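Heads up, the thing below is written out as structure tokens.
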Amino acid sequence: MLQIENLQVRIGDKEVLKGINMHIEEGETFILFGPNGSGKTTLLMTLMGFAGYEVTAGKIIFKGVDITSLPTYERARLGLGMSFQRPPTIHGLKTKHLVSMCARNRNIDVYAMAQSVNFDKFLDRDINAGFSGGEIKRSELLQLMAQNPDLILFDEPESGVDLENMALIGKTVRTLLDGACDPSPETCMRDLRRRHTTSGLIITHTGYILDYVNADRGQVMYNGVLCCDTRPTRPRDILDHITKFGYKECIRCLN
Amino acid sequence: MSQLTPQVDLEAYSFEGQESEELKDIDQVSDERKAELRMVGVDLDATRSRAGTFLQFDHSTVHCQSTGQGVEVLGIVQALKKYDGLPEYFWKALDKNHDEFTRAASQQDLHGGYFIRTQKGVKVPDPVQTCLFIKGEKVGQNVHNIVVVEEDSEVHIITGCATSHGVMSALHLGISEFYIKKGGKLTFTMVHNWGEEVMVRPRTVGIVEEKGVLQNNYVILKKVKSVESYPTIYLNGPGAIARFNSVIVTPTGSYIDSGNRIVLNAPNTRGEIISRAITTGGTNIARGEIIANAVPARGHLECKGLILGDGIIQAIPELQGRVAGVELSHEAAVGKIAQEEIEYLMARGLDEDEATSTIVRGFLNVDIMGLPKELQASIDQTIADLDASGGM
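For the protein sequence lines, the chains are A and B, in the order given. Using my numbering, read the first sequence as starting at 4 and increasing by one per residue. Using my numbering, read the second sequence as starting at 2 and increasing by one per residue.
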């Protein structure tokens, strides 16, 4: 699904990513740990192709296509989606309009979809205007449900979310990645299987999201490089380790 | 006044000789003309869902009718005759000697304009539509409009001002006087669609009595040489409210100097001025002034501008509190579309043009005006066309 080769990225004069190699298989959920400022968000922004993130070396292959220099919207149309941590407010743009635009030519029931993330009452609000932490996440998830990408990048899905919302958000993230948790007469097997091929790349600090999703692999980013290739290790083990020892361990590994 | 303001040479326009026949039947109007009028909110195929229809072509009132929903719609000349010169209303809110244009308007032949008066206590269910149309080249049009909203009544007036396709140069002088009596409510929506060399000099004053409400909407999206407009509303009765919403686009060659003044003269009055301006190469002077002479009184002025291209937006918000305890505020911002917003939409699959036009439409936010569906649709279409033609 995603293959990143020796990716080096600069923001202004500062080299932030110093040669990242990563691959994510179809249907796989990958967890990225790392302290603040290590380059995790930069990686996501670079994958989406936003301005200001200059790729100085390496390449990004998505679904067999070299997307390293594609504009953002072409990446999105190819099946790359992202849940933003701090999305901008767009005044005068109603949430329901944005959600239906996310679906492009697909036919969706915006209202029913919004109900499933308890967001139907926000459909007439301007997007992100005065949304709380939990509301932003639900809005982002709703847009992604409409967009239906093949690989979803989550930038800290649990930040700013209270416990009550966390369960709903966790469950929705899982549904997006793994298909419906519960068998449902409304979803045929074909759709279920198709959804099953959705891949995820999740940035997390707290690890709360691990209580909800089936994380397959994880790695730690530290100072612009990935360490701790944990092929046999589960993300949960990394989290336990970091919780106990902090990121000191990573520095030792790198040295 | 800025030196850049295009100056009007009154001698350059003809104030006589452009008479049109009265239209006995509205179906005499060609489809092409109907389409021009629809662009400014005047739908001649929907007269049944209008409480009244008034049409002024150049120097003549060509059509005037009301459907008996509690509102009288007359040509001003006829009204002056019928009501002995309208001594309470004609040139009462506005001073003839206000400036050179009010003087010119009072001295030139009066070509028409409308007199609209509601019946006391009647909430007129459908809007009244009026159109001030110029179809001759170099025509100087001099109209005088009077609106009287009687006690506890309500009406929505849509005024479309336009020039015929092909008319480049003309001058529109429009005097408007609004009288909103106790508990009355006037929603006044004005849509402009002028020719590229047209000069527009409206002069408007309104007086709102106790608990009266004026909701004023103004939309101009197409190129015009110059508009200079500065309606002043006096809230003279306790609890009176005035709200102005403007949506202004200035393409290259447009010079629009417009704004509103609200004077809070009584306790518990409220004024709000909200304007959205986009320049794609023209100049917009976005004025706004709230003056508070009584307490408690509240006023808010909001002026936002987007510069897309090499145009100029100059926001001039003014607040004048003349007594302790007034609450007046303003916010003004002139800038560009945030890259972050474009990227957010692009991450959802919209290309750069789609993202830009989505943000622009949201910014202009015509929705808040609460316009009839077909007018809203026509404005949305005009904004979409501007996008498509690369105007934004």
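We put the CB at the ideal spot given by N, CA and C, even for glycine. Treat the numbers as computed from the prediction; the structure is a model and nothing was measured.
Note that the C-beta distance between Asp258 of chain B and Glu290 of chain B is not below 9 Å.
For the pair of segments examined, the segment 44-53 of chain A was found to touch the segment 14-26 of chain A: the number of CB pairs separated by less than 8 Å reaches three. Nearest C-alpha to Glu332 of chain B among B:Val264, B:His301, B:Phe189: B:His301.
Inclusion of His64 of chain B and Leu24 of chain B in the CB contact set at 9 Å is warranted, their separation being smaller than that value. For Asn24 of chain A, there is no enclosing alpha helix (DSSP H); the enclosing beta strand (DSSP E) has its first and last residue at 17-27. Close to chain B, meaning a Cβ-Cβ distance shorter than 7 Å, are the following residues of the segment 142-163 of chain A: Gln146, Gln150. DSSP places Gly84 of chain A in no alpha helix (DSSP H) but in the uninterrupted beta strand (DSSP E) bounded by 83-86. Between Gly238 of chain B and Val209 of chain B, the beta carbon gap of about 7 Å places them in contact (Cβ cut-off 8 Å). In this chain, the alpha helix (DSSP H) harbouring Asp181 of chain A covers 166-181. If you check the CB distance, Val168 of chain B and Val123 of chain B do not come in under 9 Å. Annotated three-state conformation of Gln19 of chain B is coil, per DSSP. The C-beta distance from Thr280 of chain B to Leu320 of chain B rounds to 24 Å, too long to meet the 8 Å contact threshold. Within the segment 77-93 of chain A, those residues whose Cβ lies closer than 9 Å to any Cβ of chain B are, in chain order, Glu77, Arg78, Ala79, Arg80, Leu83, Gly84, Met85, Phe87, Pro90, Pro91, Thr92, Ile93. Collapsing the DSSP output to three states places Lys186 of chain B in a strand. Annotation: the continuous beta strand (DSSP E) that includes Lys305 of chain B extends over 298-308. In the DSSP annotation of this structure, Ala243 of chain B is not part of any alpha helix (DSSP H); the continuous beta strand (DSSP E) holding it starts and ends at 242-251.
At a Cβ-Cβ threshold of 9 Å, Ile206 of chain A and Glu138 of chain A do not count as neighbours.
The beta-carbon of Asn246 of chain B is placed no less than 9 Å from the nearest beta-carbon of chain A.
With distances taken between CA atoms, Phe116 of chain B lies nearest to B:Ile158 out of B:Gly306, B:Gly282, B:Ile158. For Pro232 of chain B, same chain residues with a beta-carbon under 6 Å away, outside a window of 5 residues either side, are Thr205, Asn261 in chain order. Secondary structure of Thr383 of chain B (DSSP, three-state): helix. Here Gly227 of chain A is not near Leu35 of chain A, since their CB atoms are 9 Å or more apart.
Judged by DSSP in its simplified three-state form, Lys121 of chain B adopts coil rather than helix or strand. When the five nearest sequence neighbours on each side are left out, the beta carbons in the same chain lying within less than 7 Å of the beta carbon of Ser67 of chain B are those of Ala52, Gly53, Glu73, Val74, in order along the chain. Taking a contact to require three or more Cβ pairs closer than 8 Å, the segment 85-100 of chain B and the segment 28-46 of chain B do not qualify as touching.
Contact between Gln150 of chain A and Gly84 of chain A holds, since their C-beta atoms are separated by about 5 Å, short of 8 Å. Non-local beta-carbon contacts of Ile64 of chain A in its own chain, meaning distances under 6 Å to residues more than five positions away in sequence, involve Gln6 in chain order. Across the structure, Ser162 of chain A and Tyr211 of chain A are spaced so that their CA atoms are roughly 10 Å apart. Val149 of chain B and His60 of chain B have their C-alpha atoms spaced approximately 23 Å apart. Each of B:Ile176, B:Phe245, B:Tyr14, B:Lys183 was checked against the Cα of Lys139 of chain B, and the nearest Cα belongs to B:Tyr14. Separation of Cys132 of chain B and Asn366 of chain B (C-alpha to C-alpha, rounded to the nearest whole angstrom) is 24 Å. For Thr75 of chain A, the chain B residues whose C-beta falls within less than 7 Å of its own C-beta are Glu344, Met347, Ala348, listed in chain order. Against Gln340 of chain B, the close residues of chain A are Ala54, in the order they occur along the chain (beta-carbon pairs closer than 8 Å). At least 9 Å separates the CB of Asn285 of chain B from every CB of chain A. Nearest C-alpha to Pro252 of chain B among B:Tyr235, B:Gly272, B:Lys223: B:Lys223. Look at Gly363 of chain B here: in three-state DSSP terms it is helix.
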